[in-house]
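Heads up: the structure comes next, in structure tokens.
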Amino acid sequence: MPILQPIPERLLLGPGPSNAHPSVLEAMSRPLLGHLDPDFIALLDRVKQGLREVFGTANAMTLPISATGSAGMEAALVNLLEPGDPILVGVNGVFGGRMAEVARRAGARVTTVEATWGTPLDANAMAEAIARVRPRVVSFVHAETSTGVCQPVDEISRAARDADAMVVLDCVTSLSGRPVELDAWGIDGAYSGTQKCLSCPPGLSPVSFSERAIEAVKARKTPVQSWYLDLSLLAGYYEGEKRVYHHTAPITATYGLAAGLDRVLEEGLPKRYSRHTEAAERLLAGVEPLGFEPLVEASYRLPMLNALRLPERVRQLGEGPVRARLLEEFGIEVGAGLGPLAGEIWRVGLMGENARPAVVDRLLEALRKVLA
Ligand code: PLP
Numbered sequence: 007m008p009i010l011q012p013i014p015e016r017l018l019l020g021p022g023p024s025n026a027h028p029s030v031l032e033a034m035s036r037p038l039l040g041h042l043d044p045d046f047i048a049l050l051d052r053v054k055q056g057l058r059e060v061f062g063t064a065n066a067m068t069l070p071i072s073a074t075g076s077a078g079m080e081a082a083l084v085n086l087l088e089p090g091d092p093i094l095v096g097v098n099g100v101f102g103g104r105m106a107e108v109a110r111r112a113g114a115r116v117t118t119v120e121a122t123w124g125t126p127l128d129a130n131a132m133a134e135a136i137a138r139v140r141p142r143v144v145s146f147v148h149a150e151t152s153t154g155v156c157q158p159v160d161e162i163s164r165a166a167r168d169a170d171a172m173v174v175l176d177c178v179t180s181l182s183g184r185p186v187e188l189d190a191w192g193i194d195g196a197y198s199g200t201q202k203c204l205s206c207p208p209g210l211s212p213v214s215f216s217e218r219a220i221e222a223v224k225a226r227k228t229p230v231q232s233w234y235l236d237l238s239l240l241a242g243y244y245e246g247e248k249r250v251y252h253h254t255a256p257i258t259a260t261y262g263l264a265a266g267l268d269r270v271l272e273e274g275l276p277k278r279y280s281r282h283t284e285a286a287e288r289l290l291a292g293v294e295p296l297g298f299e300p301l302v303e304a305s306y307r308l309p310m311l312n313a314l315r316l317p318e319r320v321r322q323l324g325e326g327p328v329r330a331r332l333l334e335e336f337g338i339e340v341g342a343g344l345g346p347l348a349g350e351i352w353r354v355g356l357m358g359e360n361a362r363p364a365v366v367d368r369l370l371e372a373l374r375k376v377l378a
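If you read the sequence shown in our numbering, its first letter stands for residue 7, the second for the next number, and so on.
Dropping the structure here:
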């Protein structure tokens, strides 16, 4: 039997991946180039410029890391931290927790400020901890995919910079679905993933580093613990007149990201952000009569990741079996809750190309049938 068997069509409305647009998949079927071919390097440079636009930055060091979002997280933390450095991490969900673990493994002295899952980090508590810990890095998540919370960035970032700390921001789920303004917010290291609002397959992690961050990397006393993610080595391939081999860039994934960015920039960011907001409003209006309630208070709610408290009817039928029916009978994937929210919520992603009325209506129709 061949290893590759037919693959079912799914509407991916979970926490990611979301569906890739056909233009992205078409781009990924184009002929391979070598990773040092001048045509590929020119494409890569255009991808870097497109990423600057969606990240809201002029940072020269903006590039797609050849691995998923977690590698972007590692890249940011292992480059900016040396063993023994203090870091303050805001934790109000899975991905803040992952940041703390990555920093710990990089030998940093980790302090966390926690907030209840489903609520944002308290800016005052973060500022207080910054004053106490005097961290080298302050890191937190913009769009917490495990809870659906959108974290206000400005105040925490200002408190960090006032204390001379660098700021690392997780933009995996927010990028191109909610405004991301790295330069205006004073962010030193940011990372994302291609499989969410950029509507590309998983596999690349767009990252961006400020001048200040690059200076800090150059001034390190110890080598970056990861050879693969060492920014000073990556710079030899991603920057400058003469590019040299570091690792073999994922050619096909880069074509896909180029096509994804083209769609984002053709649509325009403001329009894309509104489309996400409107899709979430339509979803919430549609699920309310079925008894679902949003977990997160309106002012902190993410539009691309809707955390919905489960109604009695879903609990009666069993949330797992209901999700299984959506998948098997309707080809629709929605996400379960994680950690303390397992069995309590669903996570409905309306990311990138899926943030559209017809997509929302297809889910609502399926839900009405399953819960009838
Ligand atoms: N950060 C956030 C907020 C995420 O949602 C994810 C993945 O869902 C990650 C980090 C890790 O990204 P990946 O799974 O692509 O490694």
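Glycine residues also receive a C-beta, built at the ideal position from the N, C-alpha and C atoms.
In or out: H253 buried (at least 16 other Cβ within 10 Å) or exposed?
By the Cβ neighbour-count rule, H253 is exposed, with fewer than 16 other Cβ atoms within 10 Å of its own.
Does the ligand PLP have even one heavy atom less than 7 Å from the beta-carbon of G358?
False, no ligand heavy atom lies under 7 Å from that Cβ.
Quick one: Cα of E80 to Cα of D91, how far?
Cα to Cα, the separation comes out at about 15 Å.
When you measure from the CB of M79 to every non-hydrogen atom of the ligand PLP, does any distance come out below 7 Å?
Because some heavy atom of the ligand PLP lies under 7 Å away, the Cβ of M79 counts as near it: yes.
Would you mind giving the Cβ-Cβ distance between I136 and A109, rounded to the nearest angstrom? I have them listed as a contact below 8 Å.
The pair is not a contact, with the Cβ atoms about 15 Å apart (cut-off 8 Å).
Note down, in chain order, each residue of its chain lying with its Cβ closer than 8 Å to the Cβ of E371, except the 5 sequence neighbours on either side.
Hits under 8 Å: none found.
Name the residue from L239, S280, V173 and R319 whose alpha carbon lies nearest to the alpha carbon of L296.
Nearest C-alpha to L296: R319.
According to DSSP, which residues form a beta bridge with V119?
Partner residues in the beta bridge of V119, as assigned by DSSP, are G96.
Please classify P295: does DSSP put it in a helix, a strand, or coil?
Of the three classes helix, strand and coil, the one that applies to P295 here is helix, per DSSP.
Where Y197 sits in the DSSP three-state scheme:
In the three-state reduction of the DSSP assignment, Y197 falls in the strand class.
Would you kindly work out how many angstroms separate the C-alpha atoms of G102 and S198, rounded to a whole number?
Each residue's CA atom was taken as its position, placing G102 and S198 some 14 Å apart.
Any non-hydrogen atom of the ligand PLP closer than 7 Å to V340 Cβ
Every heavy atom of the ligand PLP is 7 Å or more from the Cβ of V340, so no.
What are the boundary residues of the alpha helix (DSSP H) that includes M79?
First-last of the alpha helix (DSSP H) with M79: G75 to L86.
P327, buried or exposed, once every other Cβ within 10 Å from all chains shown has been counted against 16
Label assigned to P327: exposed.
Spatial neighbours of E350 within its chain, please: CB distance less than 7 Å, with the 5 preceding and 5 following residues excluded, ordered by chain position.
These residues qualify, in order along the chain: R315, L316 and G343.
What first and last residue would you give for the beta strand (DSSP E) that runs through E339?
Annotation for E339: the continuous beta strand (DSSP E) segment containing it runs I338 to A342.
Give the single residue among A190, C206, G192 and I162 whose Cα lies nearest to the Cα of V178.
Sorting A190, C206, G192 and I162 by C-alpha distance to the C-alpha of V178 places C206 at the top.
Where T68 sits in the DSSP three-state scheme
If DSSP states are grouped into helix, strand and coil, T68 belongs with the strands.
Taking only runs of the alpha helix (DSSP H) that begin and end inside the stretch 159-243, which ones reach a length of at least 4 residues, in chain order?
160-168, 188-191 and 217-224, all fully within the stretch 159-243.
DSSP three-state assignment for E150, whether helix, strand or coil
In this structure, E150 counts as strand in the three-state DSSP scheme.
According to the Cβ coordinates, are A219 and L83 closer than 8 Å?
No, they are not a contact pair.
Cβ pair count under 8 Å reaching 3, the stretch 38-57 against the stretch 217-237:
Note that the stretch 38-57 does not touch the stretch 217-237; fewer than 3 beta-carbon pairs, one per stretch, sit closer than 8 Å.
Under 7 Å from any heavy atom of the ligand PLP, does the C-beta of F61 make it?
No, since every heavy atom of the ligand PLP falls outside the 7 Å radius drawn around the Cβ of F61.
Compute every distance between the C-beta of P207 and the non-hydrogen atoms of the ligand PLP, then say whether any falls below 7 Å.
Because no heavy atom of the ligand PLP lies under 7 Å away, the Cβ of P207 does not count as near it: no.
In three-state DSSP terms, what is R58?
Here R58 sits in helix by DSSP.
When the Cα atoms are used, what is the spatial distance from G242 to S145?
Cα atoms of G242 and S145: separation of roughly 27 Å, rounded to the nearest angstrom.
N-terminal and C-terminal residue of the alpha helix (DSSP H) that G124 is part of
No alpha helix (DSSP H) contains G124, which DSSP labels as neither H nor E.
Whether or not the stretch 46-60 and the stretch 265-272 are in contact is what I'm after, with contact meaning three or more pairs of Cβ atoms, one per stretch, closer than 8 Å; do they touch?
With three or more CB-CB distances shorter than 8 Å, the stretch 265-272 counts as touching the stretch 46-60.
Identity of the residue in P44, V293, E15 and S35 nearest V250 by Cα
Minimum Cα distance to V250 is reached at P44.
Work out the CA separation of P70 and D194 for me, nearest whole Å.
Roughly 16 Å separates the two Cα atoms.
Does the pairing of the stretch 116-135 with the stretch 272-292 give three or more beta-carbon distances under 8 Å?
Judged by pairs of C-beta atoms under 8 Å, the stretch 116-135 does not touch the stretch 272-292, as fewer than three such pairs exist.
Going straight from the alpha carbon of L377 to that of L301, what length do you get?
A straight-line Cα-Cα distance of about 20 Å links L377 and L301.
If you measure between the beta carbons of L17 and G262, is that distance less than 8 Å?
If you check the CB distance, L17 and G262 do not come in under 8 Å.
S76 beta carbon near the ligand PLP (any heavy atom closer than 7 Å)
S76 Cβ: within cutoff of the ligand PLP.
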